[in-house]
Structure formats: C-alpha cells, structure tokens
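Residue numbers (my numbering), protein chains in the order written: chain A, 33 to 256; chain B, 33 to 256. C-beta: ideal position from N, C-alpha, C; glycine also. I have placed the structure first, in the form of structure tokens, so that the comments after it can refer back to it.
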DNA sequence: TATTTAATGTGAACCACTTGACAGACACGA
DNA sequence: TCGTGTCTGTCAAGTGGTTCACATTAAATA
C-alpha cells in the first residue's frame with residue numbers, strides 16, 4: 033500500500049532489497065511469473081526468513097500459499113527504493129574514473145528510466161570543454177547553476193582524495209541531496225545529505241584480511 | 033602481540049580498521065606522532081568506544097593516559113589486515129573497467145608494497161595481446177598456469193554480469209583464494225574462497241532510497 | 001617517591017538485527 | 001462449497017554488535 037517506514041529499518045535490509053530487485057528483474061526477463069521467499073533467498077544467499085522479514089518492513093506483497101508475483105514484487109521494490117522516477121546526477125572529477133562513469137552505458141537499465149547524467153565537472157581548465165556522451169565538461173564554478181536549472185538530486189565524487197571534501201562542500205552549497213563518494217575518505221557533510229561510499233581499495237584490504245582469516249568468513253554482505 | 037582472532041569479529045569492525053589505517057597513514061604523513069581513540073573516532077565518524085573496542089579484538093596497542101603512537105598503531109593495523117606482505121592479483125575482464133583498474137597507479141600506496149598485478153585476462157581474442165602497464169593481456173585459458181607460477185592470491189572480476197559466475201568458477205579451479213567482484217551479482221563459490229563486492233550501481237540505488245527517506249539516515253557505513 | 005592527570009582496556013548493559021516457529025490466508029481440487 | 005496443502009506474514013526468542021561506565025595503568029610533575 034503506502035510507504036510506511038516504521039521507526040527504523042536495518043541498513044542491511046536496504047542493501048538486500050537492491051539485490052532482490054536485481055534478481056526479480058532477471059527472473060522477469062527470463063519470463064518467470066512466480067517466485068517465493070525460498071527461491072529469492074537461495075539466489076541472494078540469505079535465509080527465507082530474512083527475505084520475508086525485509087519485505088515485511090514495507091508491507092505485504094505476496095499471497096499465502098502461492099508466493100510472489102514477479103512483476104508485482106519487482107514493481108513494488110522499485111517503488112520502495114525510489115527507482116520509478118528519474119534521478120538527475122552529476123559527476124565531479126573527470127579523471128580516468130569519472131570518464132569511465134560518464135561513459136557507462138547501464139544507467140537506464142530498467143523499463144522505467146532511473147538515472148540521468150545532467151552534468152560533468154572538473155576544476156582543471158584542460159578538461160573543461162571535453163565532450164563525453166554528448167555532455168560538455170564544465171568548470172566546477174558552474175556547478176550550482178547546473179544543479180538549480182536541472183534539479184540535480186545526486187552527485188558522484190571521483191576527484192583525488194585530497195580534493196574530495198572540497199567537492200562535497202561545493203555540492204552541499206549547490207543543494208545536492210545525495211553523494212556517491214568514490215574517494216577513499218570519510219566525508220563530513222550536513223545531516224540532510226545522504227552519503228554512500230564506493231571504495232574498491234578498501235574492498236581489497238578487507239579481502240586480504242579474510243583470506244588470512246578464513247574462519248571469519250564474511251557472514252553477510254552489505255557493501256558496499 | 034600475536035594475532036588472536038577470538039570466536040568472531042564483527043564484519044563492520046574490519047571495515048572500520050581499514051578506515052583507521054587510512055587515517056593513521058595520513059597522520060603519519062603529516063608528521064603527527066601521537067593520537068587518541070577520541071581523535072580517530074572523530075575522523076572516522078564513529079564513537080571513541082567503538083574505536084577502542086575494535087582494537088581490543090586484536091590486542092592492546094596504546095598506553096593508558098597517553099593514547100596511541102601513530103607509527104606503532106599504523107604498523108599493527110597493517111599487520112592485522114595482512115598488508116605487510118605482497119598480494120599477487122589478476123584481473124579478469126579487460127573491458128573499460130578492467131583497463132581502468134589495470135592502469136590504476138595507487139596499488140603500492142604505503143611504504144611496504146601491498147598489491148601487485150601479475151596478470152590480465154579476457155576471453156575476447158581481440159583483447160588478448162594488448163599491453164597495459166607493461167603486462168600483456170592473456171586468454172582466460174592461461175589463467176590456471178599464471179595463478180600457479182605467480183602464486184596469485186586474489187582476482188578482480190570485471191566481466192559483464194552474465195559472465196561473472198563463469199569467471200568465478202575459473203578462478204576457483206585455478207586456486208585463487210579471494211575475489212573482488214565488481215559485477216552486480218551474488219557469486220556462488222566454495223566456502224574457502226573469500227568474496228568482497230564492489231557495486232556502484234547498488235550504491236546509487238541505496239542512495240536513492242536514503243534521499244527519499246532522510247529520517248533513516250545511514251547510521252553506519254559498511255560499505256559496501 | 002608520592003600524587004595527579006589522562007586516556008586506555010574491558011565486563012556488563014543495552015539495543016538492533018536475525019532466526020525461528022507458527023498461525024493465518026489463499027488457491028486449488030474434489 | 002468444503003477441505004487440504006502451501007507459503008506468507010509476524011510475534012517471540014536468540015544472537016551479535018554497540019554503548020557505557022569505570023577500574024586500570026602509565027607518564028609527568030613536584
């Protein structure tokens with residue numbers, strides 16, 4: 033029915049919802065109509081309890097005795113995660129990683145379009161003016177203007193680590209509501225701005241630890 | 033003193049250790065000699081209790097009344113995480129992302145060298161033979177040979193999502209002990225192989241949710 | 001050497017998340 | 001239409017991680 037985020041929802045639940053959605057999208061593409069908490073659990077490598085519990089935070093989506101309709105549950109998860117609307121994005125930092133992200137073809141992966149790049153930014157005058165996917169790289173000074181005119185919701189920070197906090201500050205000032213931070217540092221931002229971290233070097237280091245300590249095998253994922 | 037991983041150590045603790053290590057490395061570079069749980073906590077955006085508890089899983093590294101010696105604690109964390117040795121790595125999938133990773137300059141970031149690329153692989157004959165950072169791209173069939181001769185510890189999977197499980201299977205067969213998976217899918221691998229996920233699209237989707245539900249502001253990180 | 005100060009290390013309390021078990025509800029078949 | 005089987009939704013129990021308070025210990029100073 034309606035969105036009813038109770039008192040609190042585990043962080044890990046959100047990560048898993050993203051995984052369930054991915055599985056459902058694949059099932060749908062394969063032409064499967066029905067599924068169950070058991071099957072979803074197997075694919076996501078969690079328990080069936082967990083799947084049902086995760087879904088229960090947001091409502092009732094199945095029919096007892098029958099399981100879930102793939103199409104319906106996929107739609108519901110998409111709605112819950114906010115992926116039934118378009119999210120306007122910008123990239124800050126047009127180094128190698130920023131360019132790769134700008135060129136990434138998979139932003140509009142589902143039937144409903146999800147993420148759209150509205151601007152590319154760098155501080156280096158040599159980078160300004162470059163064209164990527166039909167978008168011209170602008171100077172960081174023009175960020176605020178772009179955010180206002182295009183209603184930008186979120187930004188990806190792909191600048192060198194020592195510039196990441198500056199980028200976050202500029203984004204805050206410009207009025208962005210969420211940041212996906214690829215720089216290996218903990219950003220300081222105001223309460224109202226959501227931050228998610230994507231850090232592959234940290235992943236490598238965790239991996240090193242778990243290879244050395246196999247008995248502490250990761251019990252769950254999170255993410256990122 | 034010695035590594036003494038008790039019964040179990042929280043997953044999140046390992047993620048935080050990586051962050052503490054990063055902070056200590058920066059402090060050291062800035063010439064700071066001493067620090068405290070309070071200061072580390074502030075930088076890592078966790079509580080001082082948490083810092084001390086996390087460290088306590090592995091031993092005693094500070095002096096009461098004084099705090100921690102940056103140099104010592106940095107070394108200890110490096111040892112705990114297994115970053116005082118070299119890790120031999122390969123990349124599977126020489127698409128855009130694989131190439132960017134191969135070209136990444138920061139693998140040897142600390143005084144002790146940590147990660148070293150020993151091979152690059154792809155299934156596409158057009159990619160085989162390419163040179164990146166002085167390494168020649170090989171066909172996936174030569175993976176096992178490379179793993180054996182170079183004592184490869186871990187691999188990065190950067191193939192398209194539908195090929196990721198095949199890559200994981202090949203790596204398992206070749207005898208790799210850890211996988212950093214960039215493909216948006218949950219890999220099925222044997223118990224003994226550690227897997228860490230790096231998934232920026234999942235990060236974007238979580239971000240969308242948290243922008244829509246600001247009151248559920250992420251209380252901690254885990255990265256992924 | 002005694003005293004003071006300061007910040008660690010840790011056992012216990014607390015809280016949140018996961019696991020479990022089962023009642024409830026729906027579809028299907030007779 | 002009634003009975004049966006099945007799988008969801010959820011309340012309760014258990015586990016694991018975080019928070020807390022404080023005793024402990026080391027350095028500095030007189």
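At the level of alpha carbons, what is the spacing between residue 198 of chain A and residue 77 of chain A?
Here the question's residue 198 of chain A lines up with position 166 in the first chain. Here the question's residue 77 of chain A lines up with position 45 in the first chain. Here the C-alpha atom of residue 198 of chain A lies approximately 39 angstroms from the C-alpha atom of residue 77 of chain A.
Just to confirm before moving on: does the CB-CB distance between residue 130 of chain B and residue 190 of chain B stay below 8 angstroms?
Translated into the one-based positions of the second chain, residue 130 of chain B becomes position 98. Translated into the one-based positions of the second chain, residue 190 of chain B becomes position 158. Yes.
I'd like the span of the alpha helix (DSSP H) that includes residue 46 of chain B, first residue to last.
Your numbering for residue 46 of chain B matches position 14 in the second chain. Run containing residue 46 of chain B: 43 to 61, per the alpha helix (DSSP H) assignment.
How close, in whole Å, do the beta carbons of residue 182 of chain B and residue 150 of chain B come, if the pair is a contact with beta carbons under 8 angstroms?
Along the second chain, read from residue 1 onward, the residue named residue 182 of chain B stands at position 150. Along the second chain, read from residue 1 onward, the residue named residue 150 of chain B stands at position 118. Indeed they touch by this definition, with Cβ atoms about 4 angstroms apart.
Contact between the segment 225 to 242 of chain A and the segment 201 to 215 of chain B (3+ Cβ pairs under 8 angstroms):
Three or more Cβ pairs closer than 8 angstroms define a contact, and the segment 225 to 242 of chain A meets that threshold against the segment 201 to 215 of chain B.
With a threshold of 16 other CB atoms inside 10 Å of the CB of residue 86 of chain B, please say whether the residue is buried or exposed.
On the second chain, residue 86 of chain B is found 54 positions in, with the first residue counted as 1. Residue environment analysis places residue 86 of chain B among the buried positions, since at least 16 neighbouring C-beta atoms fall within 10 angstroms of its C-beta.
Along the beta strand (DSSP E) that carries residue 219 of chain A, what are the first and last residues, could you check?
The residue you call residue 219 of chain A lines up with position 187 of the first chain. That residue, residue 219 of chain A, is in no beta strand (DSSP E); it is neither H nor E in DSSP.
When you compare each of B/204, B/237, B/185, B/122 to residue 154 of chain B by their alpha carbons, which one comes out closest?
Looking up residue 154 of chain B in the second chain gives position 122. Residue B/122 holds the alpha-carbon nearest to the alpha-carbon of residue 154 of chain B among B/204, B/237, B/185, B/122.
Cβ-based burial, residue 140 of chain B [other Cβ within 10 Å; buried from 16]
Here residue 140 of chain B refers to the residue found at position 108 when the second chain is read from its first residue. With fewer than 16 other Cβ atoms from the protein chains shown falling within 10 Å of its own Cβ, residue 140 of chain B counts as exposed.
Which residues in the same chain as residue 115 of chain A place their Cβ atom closer than 6 angstroms to its Cβ, once the five residues preceding and following it in sequence are excluded?
Locating residue 115 of chain A in the first chain gives position 83, counting from the first residue. If you ignore the 5 residues before and after residue 115 of chain A, its C-beta comes within less than 6 angstroms of the C-beta of 146, all in its own chain and listed in chain order.
If you run the structure through DSSP and keep just helix, strand and coil, what is residue 240 of chain A?
Reading the first chain from its first residue, position 208 is the one you call residue 240 of chain A. It is helical.
With DSSP run on the structure shown, which of helix, strand or coil describes residue 77 of chain B?
Translated into positions along the second chain, residue 77 of chain B becomes position 45. Here residue 77 of chain B sits in coil by DSSP.
Residue 84 of chain B to residue 71 of chain B, Cα distance in whole Å?
Position 52 of the second chain, counted from the first residue, corresponds to residue 84 of chain B. Position 39 of the second chain, counted from the first residue, corresponds to residue 71 of chain B. Each residue's alpha carbon lies about 12 angstroms from the other.
Name the two residues that bound the continuous beta strand (DSSP E) containing residue 205 of chain B.
As a working note, residue 205 of chain B is residue 173 in the second chain. Going by DSSP, residue 205 of chain B is part of no beta strand (DSSP E) but of the alpha helix (DSSP H) stretching over 196 to 206.
Burial state of residue 223 of chain A (16 or more Cβ within 10 Å):
Working through the first chain from its first residue, we reach residue 223 of chain A at position 191. Label assigned to residue 223 of chain A: exposed.
Determine, for residue 73 of chain A, whether the minimum Cβ-Cβ distance to residues of chain B falls below 8 angstroms.
Walking along the first chain from the start, residue 73 of chain A turns up at place 41. Not an interface residue.
Boundaries of the beta strand (DSSP E) in which residue 148 of chain A is found, first to last residue:
Along the first chain, one-based indexing puts residue 148 of chain A at 116. Unbroken beta strand (DSSP E) run through residue 148 of chain A: 147 to 154.
Whose CA, out of A/68, A/220, A/185, A/227, lies closest to the CA of residue 96 of chain A?
Numbered from 1 along the first chain, position 64 holds the residue referred to as residue 96 of chain A. Of the candidates A/68, A/220, A/185, A/227, the one whose C-alpha sits nearest the C-alpha of residue 96 of chain A is A/68.
Which of helix, strand or coil DSSP assigns to residue 101 of chain A
Indexing the first chain from 1 puts residue 101 of chain A at position 69. Strand.
Do residue 226 of chain A and residue 167 of chain B have their CB atoms nearer than 8 angstroms?
Your numbering for residue 226 of chain A matches position 194 in the first chain. Your numbering for residue 167 of chain B matches position 135 in the second chain. No, Cβ-Cβ distance for residue 226 of chain A and residue 167 of chain B is not below 8 angstroms.
Helix, strand or coil at residue 162 of chain B [DSSP, three-state]:
Position 130 of the second chain, counted from the start, is the residue given in the question as residue 162 of chain B. Here residue 162 of chain B sits in coil by DSSP.
Have a look at B/126, B/163, B/135, B/138 and flag the residue whose alpha-carbon is nearest the alpha-carbon of residue 156 of chain B.
Numbered from 1 along the second chain, position 124 holds the residue referred to as residue 156 of chain B. It is B/126.
Could you give the DSSP three-state label for residue 227 of chain B: helix, strand or coil?
If you number the second chain from 1, residue 227 of chain B lands on position 195. Reduced to three states, the DSSP call for residue 227 of chain B is strand.
Taking a contact to mean a Cβ-Cβ separation below 8 angstroms, would you say residue 50 of chain B touches residue 113 of chain B in this structure?
What you label residue 50 of chain B is simply residue 18 of the second chain in a count that begins at 1. What you label residue 113 of chain B is simply residue 81 of the second chain in a count that begins at 1. Between residue 50 of chain B and residue 113 of chain B, the C-beta spacing is below 8 angstroms.
Looking at the C-beta of residue 233 of chain A, does it have a partner C-beta in chain B at a distance below 8 angstroms?
By 1-based counting over the first chain, the position of residue 233 of chain A is 201. At least one chain B Cβ lies under 8 angstroms of residue 233 of chain A.
Using a Cβ cut-off of 8 angstroms (strictly closer), state whether residue 236 of chain B contacts chain A.
Taking the second chain and counting its residues from 1, one reaches residue 236 of chain B at position 204. It does; some Cβ of chain A falls within 8 angstroms.
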